[in-house]
Structure formats: structure tokens, C-alpha cells
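J.: Here the sequence shown is numbered in numbering that gives the first Met the number 0, starting from 0 and rising by one per residue.
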Amino acid sequence: MKQFVLTLGIWMLSLAFAQGQRGFAIVVDPQSYKEAEEEIRQYADAIEDVNGLHVFVVIDKWGVPDSIRQELMRLHALDKHAIEGAVLVGDIPVAMIRDAQHLTSAFKMDQRHDRKESSVPSDRYYDDFGLRFDYLGKDEDMPYFYYSLAPESEQRLEPDIYTGRIRPTDCNGTSRYEKLRAYLVKVVKEKRNAETLDQILFFGGHGYISESMVARMDEKQGLYEHFPWLRQQKNGISFIDHTQEDFIKSRLMNELMRPELDFALLHHHGYWDTQYLSNIPAPKNAFQAKEFIQNYVRSRIRSAVEDGEAVDSVMSRWEQRFDVPRSWWENVFAPETCRKDSLEADELDLHLTDFLTYGYAPDCRVVMIDACFCGSFHREDCIANEYIFSPGRTVVCIANTVNVLQDKWSDRYIGLLGLGMNVGEVARYSGYLESHTIGDPTFTFSPVVPVADINRLLAEGKVSDWKKQLKNSSFPDLQCMAIEQLVRRGELSSVELLDLFRQSSSSLVRVEALVALSGFGDDQFVEALQLAVRDSYELVQRFGLRFVGQSGDERLIPALISVCISNNTSERCNFNAMNALSFYPDKPLLAEFAKQFNDPSVRYIGKEDVGRAIEKAIRSSAAKWVESTRSVMAPDTGDKKRRSAIRTLRNYCPHDLIPDLLAYLETCGQPEVQVMLLEALGWQKYSCMADRIAVVAKAMSEKESLAEEVRREALKTYNRLKRLK
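1) Can you check whether the CB of His80 is closer than 9 Å to the CB of His53?
2) Go ahead and label Asp322 buried or exposed: buried means 16 or more other beta carbons lie within 10 angstroms of its beta carbon, across all protein chains shown.
3) In chain order, which continuous runs of the beta strand (DSSP E) of length 3 or greater are located wholly inside the stretch 57-127?
4) For a minimum of 4 consecutive residues, which ranges assigned as the alpha helix (DSSP H) are wholly contained in the stretch 154-191?
5) Distance check for Arg155 and Asn718, CA to CA, integer angstroms please.
6) CB-CB under 6 Å to Lys702, same chain, minus the five flanking residues each way: which ones, in chain order?
7) Could you pull out every residue in the same chain whose Cβ sits closer than 8 Å to the Cβ of Thr636, ignoring the five residues on either side in sequence?
8) Can you tell me whether DSSP reads Ile482 as helix, strand or coil?
9) Below 9 Å between beta carbons: does that hold for Glu83 and Ala458?
10) Which residues mark the beginning and the end of the beta strand (DSSP E) in which Met699 is found?
11) Could you tell me if Met0 is buried or exposed, where buried requires 16 or more neighbouring beta carbons within 10 angstroms of its beta carbon?
12) Taking all protein chains shown into account, decide if Phe3 is buried (16 or more other Cβ within 10 angstroms of its Cβ) or exposed.
13) With DSSP run on the structure shown, which of helix, strand or coil describes Ser620?
14) Could you check whether the stretch 131-144 touches the stretch 94-111, counting it as contact only if at least three pairs of C-beta atoms, one from each stretch, sit closer than 8 Å?
15) Between Ser620 and Lys640, what straight-line distance do the alpha-carbon atoms span, to the nearest angstrom?
16) Beta-carbon within less than 6 Å of Lys767's beta-carbon, same chain only, minus the 5 sequence neighbours each way: which residues are those?
17) Cutting at 7 Å between CB atoms, please list the residues of its own chain near Glu244, excluding the five before and the five after it.
18) According to the Cβ coordinates, are Ala263 and Phe202 closer than 9 Å?
19) Identify, in the order they occur along the chain, each residue of the same chain with its Cβ nearer than 7 Å to the Cβ of Gln198, setting aside the five sequence neighbours on each side.
20) Kindly indicate the opening and closing residues of the alpha helix (DSSP H) around Ser493.
21) For the stretch 322-388, list the alpha helix (DSSP H) runs that are entirely contained and at least 4 residues long, ordered along the chain.
22) Rounded to whole angstroms, what's the CA-CA distance from Ala15 to Ile382? Just pull it up for me.
23) Okay, do the stretch 504-523 and the stretch 656-672 touch, 3+ Cβ pairs below 8 Å being the bar?
24) Check the DSSP bridge columns for Gly269 and list the partner residues they point to.
25) Looking at C-alpha atoms only, which residue of Lys283, Val694 and His101 is the closest neighbour of Gly430?
26) Residues in the same chain with beta-carbon distance under 7 Å from Val331, minus the five sequence neighbours each way, listed in chain order, please.
27) With H, G and I counted as helix, E and B as strand and the rest as coil, what does DSSP make of Asp240?
28) Do Leu513 and Gly551 have their C-beta atoms closer together than 9 Å?
29) From the DSSP output, in three-state form, read off Ala24 for me.
30) What residue from Ser409, Asn171, Phe444 and Leu456 has the CA that sits closest to His435's CA?
31) So for Asp133, helix, strand or coil by DSSP?
32) Which of helix, strand or coil does DSSP assign to Ser434?
33) Going by the DSSP bridge assignment, what does Cys396 pair with across the sheet?
34) What residue from Gln220, His268 and Asp217 has the CA that sits closest to His739's CA?
35) How close, in whole Å, do the beta carbons of Tyr685 and Ser581 come, if the pair is a contact with beta carbons under 8 Å?
36) Tell me whether the beta-carbon of Ser445 lies closer than 9 Å to the beta-carbon of Ala193.
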């Protein structure tokens, strides 16, 4: 029996025969529904049969995000069959979010640039009902609707439902509707023939997390905690690093086409049309060194000539720079040379065109792309779309619409996928505006072991249920999710979290406890950081050192210096330690360095030389942002320079100068500067000065003599910096 309801310009088709208590919404544009009605029906049937969810098919007749959001909120609030998730199918409008860059992991583009590029395409508009937005307008040439995050909104992400995007486009000679029909047929087949998650690949691309091998070694340790059933005789976790071959693309593609591969986690740099995999091969002998230089110079000559420089002058410059004969690159514009260079450059990375060129049809069911822009579903094509719309068995990509932070917990909660969790929950709990499920968010693997219904637990779990999981579960990811749920409900204190951090033998539980403690920013957080920098798990060390820099609490200086004088710090931890030094004043750093380094137990060959080098690094780092920060407050600083210096404070703000910045903020009397400075100070949520900033921001938000835009930004900053209690 079908039931039609017209509400807010949206047709809702309720499939009333479903037996499940929880619901799910398929939101689809009218033309896509017309073109793929039978396939959508079969997809809805599969969700009901496999996931046990009551399915609502919502046909969007208006094409306006506000109406769709209101309908999803209504369906989520139902007494019966309240939806736990939704999938946006076809040409559903894209919400482009502005004034919310603090909800991303790394995106910080100046919003004065083209709004298409300086906004964040995000379905958090549709799934996080605690966020409030002000409508800014829409584009005429694209289905982009622009929204500003309101000051009175929640300023952290806690989506109420999970979502996914199935947005095929007309490209590569196939219509969007052909792709949609084929994808839905594929996903129904995979849903009805679900397998256990027992074959995993992780990949490390060039330049990612400083190419730290310690990080990759420990990542495998973490994967065994995510998927403990893989600790067996048969290998279930494979690894590919870009250094294994000069051109790793073919090996990676072949592995992802392996039919038994269930889940892949790919770490690399990216763009919407490219997965950046390999670096230019390093020369291994003199002949290769010559070719390396020739190849490099040819590319630079071509670029210079394209920019309008004369060929002879460019060649002369490079001839003098390397002190080699011009004959090394005289054939720079020869067709055969250009073709050879082009083919070699193409082999370094995986491009959109490679799917057709090589017949690349990945079979790995779920692919997580830990890279920038590869999930840019709002464009006419993107890497994630090619994965799911290829003829292979891949049905879901977890990917990002804009650039992302390298030092983030990319594999958080993925072990729950092996226990039957809907894949859409991974992006829901990622905590980032840019993270998206591209494909069916209800896709599940068959649970490896009989455990509690994880999806029902996430939808309906009570405090007592989560306390039981934290205490009794043998699965670290269930313990981690229990920590997340209990902290959200105010049922786990910072004292209890510190105790978990100290005592847990699970690396993942310690990461979860540390991340949860960061929301409190209290003495327990500081104590955890003192321990974290010497943790046995590299990710805890790396996060700990990053938090040490973001905190600025001088009680952390001894722990930081102990890492800086250590002989064998891993590459990425060393990177974060050097960065952390730049947020502390030099005097206490140097005093602590002298105290620790002069201890006889610190032994180095050529200790005096080593000491001078470390001291020089400390002085250089501690002074790195001081001049820029002081220029914000200097009366003779020009507007352009001041604006740039304020933007720099978002990432690089010496904590001991924050009191001076606050005094300047309150007295400068320039609304534009005050708005920018309030926004920049709002990024200091882990700072030991966060409470002080919040007090000033709250007072300014209530001061009627200030301009309205200043009061609004002050309110947003206050809401951003409110601590957990």
C-alpha cells in the first residue's frame, strides 16, 4: 500500500509495509525518481529487508535545501519510525557553508575569494539539526545554496542522523540516470549478499604525515585493535607504501580490484580529479641523477615559456644555475620528449581519466580516501564518484569535499563496521564539516561475531547500555564509542577520562580518552598531555604534541623539552614538537632545556655541538610568530599587513601574547579589525587562555555600544570556546 503526503512542496511516499521501528529517508529529485523508480523501489526493499528500517521516499519538488531539512527534522521527530539516517539521491541541492571554517579540519580560505571556492559543500546542513544558519543566496548556474553559520548556533558538530550522497553526473559518455540505475542494482546485490569484513588494505602516499614509518608501523597495530578477529594465521591486513615502486599506481589499482578486498584506507594528498600517489623517483645512480635534473629543468623551462619568458633567457638561467651544458635540455620541446615526460608524470598519480583508460573497476566494497577534495560531490565529477559508479563492486567511498588535516584520527570507529555498523555512521562521527559518505550510507558488513545490534545501540542506547559497553566490551571501538556517547551526555568526568587514559592497555581507548579530555581543557587534560608525549602509540604521541602546542600551558614545557632533546623521535612527532615550541616564550623553554640537557644522563656524541643546535632551534621556533603577532597591535601596521597577521593567528598564536591581543581587541575601536580578531581568537579552543577569551567575548557580545557585527562575532566566539563541564 502506498501513502502520498504533500508537505512544504515535497512529495513523501511512505512504504507502509515495513516492520522496523526505526526509519530511513531516501530523498530524490523528481526526474531521477522517474528515471529509476523501479531501482529505487528495489533499493528501499533491500534497506527494509537487510537493515530492518522503515523507508520513506521523499520526492523533492522544490529543490530548496531549507524544505528538505525541515522534512528530515520532522521525520526524525516522529514517535514511530523516526529516521536515523537519509540518502540524498540525484540532483538534490548542495548547501555551501560559510563562516564555519572552525568546523573543518583544515580549510581556511579567505572568504573574499569566489564563494564557490571559499565555501564548504557540506551535508551537515541536512543531518545536524543543532546548527542554525542564515541564508545568503544561490547561484544561477549551479545548484549551490549559500548559508552562514549563525552566531547563536551550536558551534560544534553532533549530527542527529547519518547521511550519504548518490549524485551521478553526465560525464564520460554515460548519462547520470544510467549511472544511477546501475549503481542501485549493484548496491542492492551487495547489500543482499553481505560478507564479513576480513580483508583490509592501507596505503601511504608521498609526503603524507612526513612519511613517518613509525606512524605506519603503529597504524597496523591500531588496525588490529579495530579488527581483533584478524589476529590469526591468515593475513587480513595488507599495506602498500609509495616507496615500494617508482610508479605505484598500477600496484594500488590492482590491489583495489582484488574481489575479496572489503575495506581500504588510503592516505595521500589529493584533488577532486586526482589521487596524488608517488613522488618523482629518486635517482639511484649517476645516470638517473642526470635524467632527474634534465626532467626537472625541462618542466621548469616549459612553465616559464608558457608564462611568456623567452626560451634563450630561460635556458641560459638554468645552464648557469646547474653549471651544465645546454645540450642537456635542448630537446625540451621535441614532440617525443614532451610525450615521454607527460606519460611519466601521468604515471605518478591516479586521475579521473584512468578509470576509462585502464578499465579500472575497483572491487573493494568500502574505500576511505584520507585526502583533500577527492569527495567533491558537488562538482561535475570527482574521484569518489568514479569509485562508486564504476562497474566494480565498490559501493561506498568515505571522502572529503575540501582540504583536510593530515594529523587527524582518520580511522576513528572503523572497527564497528566489522560488527555490522552502517557505514554512514563513520562520517557522522568524524566531527568534520567536509567528511561525507559517497554512496549508500546503510551499507553494512555481516557481523564477524555476534554482538549487540550496534545500529540499534547508536539509535536508542541509554546511559546504562553505554556504561556496560565501556566496562565489559572486549572490542576497543565499542569502548571508544561508549566514551563518546557518555561524554556527550555529561556522564563521564575528566577525572574518569584521565583514569582511562592512564590504565587502558588499548591504544585506541587512550586516543579516545585524550580527544575527549581536550574538550575539558582542565588540569586532567594537562596531566594527560604530560603522559601522552611518551605514549607507546605514535598517534597518541602525535596528538599529544599537537595539543601541547595548542594549549600553551607552561606546565607542559618539561614534557615538550624532553621530546625535543630525545635522539629518536619519529618524523611526524618531531614536526609537531618543533611546531609546538613556537607557541611558548623563549625564556622558560631555554631554562628547561638547560636543566634537562645538562643532566649527565643525557648522552650524545659531540654533546656540546648537539646542544648548540637544539638551543638554536628552540630560539628560532620561539621567535617565529612573535613579530607577526605584535604587528596586529602596532599602530603603524598597514591594513593589508594587519589583516594577514590576524588571519595567521588562527593557526599560529603565541599564548602568552593573548592578554595583549584581548586588551587591543577591546580598545582599538575598529569594527572590521574587531570582527577579524574575534574570529581568529575563536580558534584557540584548546588554549590555556580559552576561558579568558570567552569571558571577553561574552562581555563584548552584550555591549550595546559596539557595532552589531562585532557583537554577533563575539557571541559566536563565546559559543565556540565554551568548555565541557
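Ideal Cβ positions, reconstructed from N, Cα and C, are used throughout, including at glycine.
T.: In short, the structure shows the following:
1) yes
2) exposed
3) 82-88 and 93-97
4) 175-191
5) One C-alpha to the other measures close to 9 Å.
6) none
7) Ser630 and Ala644
8) helix
9) Yes, these two residues count as a Cβ contact at 9 Å.
10) It is not in any beta strand (DSSP E) - Met699 instead sits in the alpha helix (DSSP H) that spans Ala689 to Ser700.
11) Below a pLDDT of 50, predicted positions are generally treated as unreliable, and Met0, at 29, falls in that range; no measurement from the model is reported.
12) With a pLDDT of 35 at Phe3, under the threshold of 50, the modelled position of that residue is not reliable, and no figure is offered here.
13) Three-state DSSP puts Ser620 in a helix.
14) yes
15) 22 Å
16) Because the chain spans 0 through 724 in this model, residue 767 falls outside it and cannot be assessed.
17) Arg250, listed in sequence order.
18) yes
19) Gly235, Glu259, Leu260 and Asp261
20) Where Ser493 is concerned, the enclosing alpha helix (DSSP H) stretches over Ser493 to Gln502.
21) Correct list: 334-346, 353-356 and 382-388.
22) Per-residue confidence for Ala15 stands at a pLDDT of 39, beneath the threshold of 50, marking its modelled position as unreliable; the derived number appears in the next sentence. Between Ala15 and Ile382, the C-alpha separation is close to 37 Å.
23) no
24) Per DSSP, Gln274.
25) Checked all of Lys283, Val694 and His101; the closest Cα to Gly430 is His101.
26) Excluding residues within five positions, the ones whose Cβ falls inside 7 Å are Arg297, Ile300 and Arg301.
27) strand
28) no
29) strand
30) For His435, the nearest C-alpha among the options comes from Ser409.
31) strand
32) Reduced to three states, the DSSP call for Ser434 is strand.
33) Val366 and Ile437
34) Residue 739 lies beyond the stretch modelled for the chain, which goes from 0 to 724, so this question has no answer here.
35) The pair is not a contact, with the Cβ atoms about 15 Å apart (cut-off 8 Å).
36) For Ser445 and Ala193, yes; Cβs fall inside 9 Å.
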